[in-house]
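*Asks:* One structure follows; several queries about it will come next.
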Amino acid sequence: MKVDAIIFGGGAAGLWLLDELVRGGFHVVLVERDALGAGQTITTQGIVHGGMKYAITGGQDAAAGAIREMPKLWRDCIEGRRRPDLVGTRVRSDYCWMWRTRSLKSTLGMVGARAGLHSSVLKVPKADRPDVLAQCPGDVFRLDEQAIDAESFLSVLSERHAKRLVLAGDDAVEFVTSGPGNVDSVRLIGAEGVEISTGHVVFTAGAGNAALRERVGLGGEVMQRRPLHMVLLRGVLPKLFGHCIDGARTRVTATSAVDSRGRRVWQLGGQLAEDGVHMSADDLIRHAHGELKAVLPGVDLSAVEWSSYRVDRAEVTTQGGARPAGPVAKQDGNVITAWPTKLALCPPLAMLIKDLLGQPMSGDASDLRELERWRRPTVATLPWETERQWVTLDER
Ligand SMILES: Cc1cc2nc3c(=O)[nH]c(=O)nc-3n(C[C@H](O)[C@H](O)[C@H](O)COP(=O)(O)OP(=O)(O)OC[C@H]3O[C@@H](n4cnc5c(N)ncnc54)[C@H](O)[C@@H]3O)c2cc1C
């Protein structure tokens with residue numbers, strides 16, 4: 014087989030890129046090691062950021078220009094007005110709330126945020142607040158930022174390109190190189206072994222990128238991991254999407270879903286999940302309970318179960334380990350290593366990579382038949398649907 018590019022890693026970045034390249038006339042296949050989106054995308058909170066959170070936590074930066082456009086771009090794709098066609102992606106919420114604690118520091122943070130961005134941020138009159146925020150002492154704002162369901166998003170793209178997807182673990186992949194960062198072909202080893210010669214190799218494998226780079230003779234040190242310890246709640250809970258802002262930090266980001274047994278689930282991130290990295294699950298759950306009592310006064314948490322999970326954000330290395338300014342595509346020879354930095358930033362990342370690839374070469378889509386006997390990867394399982402320990406807290 015001969016292709017323009019082989020993509021390794023079928024999370025949000027790899028699948029968005031695959032769609033972009035196929036529409037651009039490129040002959041491409043995607044190799045997934047595990048399940049699609051395993052790693053970050055399936056555990057994401059799914060908020061299509063428009064830059065507000067960045068403005069609060071990191072000031073204006075290079076990402077601000079691109080990220081401002083993302084809520085509209087994604088909305089257009091989800092509603093079928095723009096490519097990639099993401100019709101079928103479930104939208105968990107059309108907007109997010111942003112509320113603040115009462116301190117002066119917090120007020121300044123909000124003012125800074127409003128000055129930094131031009132996107133639509135509506136102050137919500139007290140009477141129009143959702144019940145869950147009714148007793149919050151500070152102002153409440155409404156952001157036009159959707160929260161999407163990662164599982165349906167991954168399904169829409171993977172079903173469209175099923176013929177181009179291959180499930181192959183690291184043992185079943187061999188890179189044929191002619192020097193560091195120069196991959197001539199990729200061998201998929203198995204009963205139906207196939208050698209694919211390729212113009213480019215693209216690594217969109219999230220935290221797997223470092224090891225893949227090493228396999229093609231490149232250094233893995235270009236990648237950093239920023240760990241999170243996320244909290245899950247399930248039970249009798251209201252719907253909630255939004256950020257509680259305290260000074261220059263996002264104290265808690267809460268998003269909701271409904272699990273396969275009809276229970277409401279809350280996923281908690283933000284500073285809470287950063288602080289939780291050095292805590293045991295039990296300590297973090299107790300801390301999260303206290304935080305929710307403080308930032309959502311009056312919300313009844315007596316009938317919920319708690320759990321937590323750890324996950325690393327994988328990004329290009331930065332000085333001091335800070336969040337990178339935007340999406341990154343790094344080229345070494347014919348190898349491109351890419352991280353979107355945010356789910357929301359997959360579209361500009363795909364464009365960056367497409368530009369690096371240049372023009373499509375010759376390619377014969379009919380030779381996809383060579384891959385027919387390979388197993389196809391399935392979509393990863395949402396974190397609250399996997400086996401994990403849930404505990405209750407005695408609120409007395
Ligand atoms: C808890 C959490 C919450 C987040 N919330 C948000 C949010 O609300 N909004 C937002 O914009 N961003 C958010 N992000 C960031 C966002 O989720 C990530 O930037 C994005 O999902 C990264 O996508 P990816 O495709 O690069 O990586 P991943 O989703 O990690 O996908 C990598 C894929 O590569 C595969 N893989 C790994 N190694 C190999 C290999 N050797 N060969 C083949 N395949 C391989 C993996 O199995 C996986 O399928 C969040 C991140 C986390 C962790």
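In terms of our numbering, the sequence shown opens at residue 14 and continues consecutively.
Glycine included, each C-beta is placed from N, C-alpha and C at the ideal position.
1. By the three-class DSSP mapping on this structure, what secondary structure does valine 312 have?
2. Using 8 Å for Cβ pairs, my map puts isoleucine 19 next to threonine 217. What's the rounded Cβ distance?
3. In whole angstroms, what separates the C-alpha of leucine 365 from that of glycine 37?
4. Note down the Cα distance separating methionine 83 from arginine 200, rounded to an integer number of angstroms.
5. Given arginine 388, which residues of its chain have a CB within under 6 Å of its CB, disregarding the five upstream and five downstream residues?
6. Does DSSP classify methionine 236 as helix, strand or coil?
7. Can you tell which of Arg88, Glu400, Arg228, Leu384 has the C-alpha that lies nearest to the C-alpha of aspartate 98?
8. Excluding sequence positions up to five away, which residues of its chain have a Cβ less than 7 Å from the Cβ of lysine 355?
9. Could you give the DSSP three-state label for glutamine 284: helix, strand or coil?
10. Can you round the beta-carbon distance between glycine 93 and valine 100 to whole angstroms, since I take them to be within the 8 Å contact cut?
11. Please work out which residues of its chain come closer than 6 Å, Cβ to Cβ, to aspartate 325, disregarding the five sequence neighbours upstream and downstream, and give them in chain order.
12. How close, in whole Å, do the beta carbons of threonine 56 and tyrosine 322 come, if the pair is a contact with beta carbons under 8 Å?
13. Quick one: grab the DSSP three-state call for leucine 256.
14. Since leucine 309 and valine 145 should fall inside the 8 Å C-beta cutoff, what is the C-beta to C-beta distance between them, to a whole number of angstroms?
15. Quick check: histidine 256 and threonine 268, are their CB atoms within less than 7 Å of each other?
16. Where does threonine 263 sit, in a helix, a strand or coil, going by DSSP?
17. Mind checking who alanine 327 pairs with in its DSSP beta bridge?
18. Please confirm if the segment 162 to 175 is in contact with the segment 272 to 284, defined as three or more CB-CB distances below 8 Å between the two stretches.
19. Mind reading off the beta-carbon distance from alanine 26 to cysteine 359? Whole number of angstroms is fine, and I expect it under 8 Å.
20. So, with DSSP's three-state summary, where would you put aspartate 162?
21. Could you give the residue range of the alpha helix (DSSP H) that holds valine 199?
22. What I want to know is whether the C-beta of methionine 364 ends up closer than 6 Å to one or more non-hydrogen atoms of ligand 1.
23. Is the CB-CB distance between alanine 185 and glycine 203 below 7 Å?
24. Can you tell which of Val214, Glu172, Ala147, Ser171 has its C-alpha closest to the C-alpha of threonine 190?
25. Would you mind sorting glutamate 158 into buried or exposed? The rule is 16 or more other CB atoms within 10 Å of its CB.
26. If I follow the unbroken alpha helix (DSSP H) through leucine 49, where does it start and stop?
27. Tell me whether glutamate 2 is buried or exposed, calling it buried when 16 or more other Cβ atoms sit within 10 Å of its Cβ.
28. Quick check: the Cα distance between arginine 96 and leucine 31, rounded to an integer number of angstroms?
29. Please list, in chain order, all residues of the same chain as glutamate 227 whose beta carbon is under 6 Å from its beta carbon, the five residues on each side excluded.
30. Hey, would you say the C-beta of histidine 213 is under 6 Å away from at least one heavy atom of ligand 1?
31. Give me the Cα-Cα distance between aspartate 17 and leucine 178, rounded to the nearest whole angstrom.
32. Just verifying my parser: in three-state terms, what is the DSSP assignment at serine 210?
33. Between the Cα of alanine 307 and the Cα atoms of Asn195, Val137, Ile258, which residue gives the shortest distance?
34. Using the C-alpha atoms, what's the distance from glutamate 385 back to valine 134?
35. Take the Cβ of glutamate 182 as the centre, count every other Cβ of all protein chains shown within 10 Å, and call the residue buried at 16 or more, exposed below.
36. Just the C-alpha distance for arginine 382 and isoleucine 60, rounded to the nearest angstrom, thanks.
*Replies:* Straight from the coordinates:
1. Valine 312 falls in the coil class under three-state DSSP.
2. About 11 Å; that fails the 8 Å criterion.
3. Rounded to whole angstroms, leucine 365 to glycine 37 spans 13 Å at the Cα level.
4. Methionine 83 and arginine 200: Cα-Cα distance of roughly 37 Å.
5. Leu180
6. strand
7. Arg88
8. Within the same chain, His62 come within 7 Å of lysine 355 by CB-CB distance, once the 5 residues on both sides are set aside.
9. helix
10. Glycine 93 to valine 100, Cβ: 4 Å. Contact.
11. Ala220, Arg238, Pro240
12. 7 Å
13. Correcting the residue identity first, residue 256 is histidine in this sequence and not leucine. Reduced to three states, the DSSP call for histidine 256 is strand.
14. Contact holds; Cβ gap of about 6 Å.
15. no
16. strand
17. Arg238
18. no
19. Under the criterion of beta carbons closer than 8 Å, alanine 26 and cysteine 359 qualify as touching, at roughly 5 Å.
20. coil
21. Counting along the chain, valine 199 falls outside any alpha helix (DSSP H), though it belongs to the beta strand (DSSP E) covering 196 to 201.
22. no
23. yes
24. Val214
25. buried
26. Careful: leucine 49 lies outside any alpha helix (DSSP H) and carries neither H nor E.
27. Given a span of 14 to 409 for the chain in the structure shown, any question on residue 2 remains unanswerable.
28. 12 Å
29. Gly233
30. no
31. 15 Å
32. Serine 210 falls in the strand class under three-state DSSP.
33. Ile258
34. 49 Å
35. Sequence inspection shows glycine at residue 182; the glutamate mentioned does not correspond to that position. Exposed is the call here.
36. 37 Å
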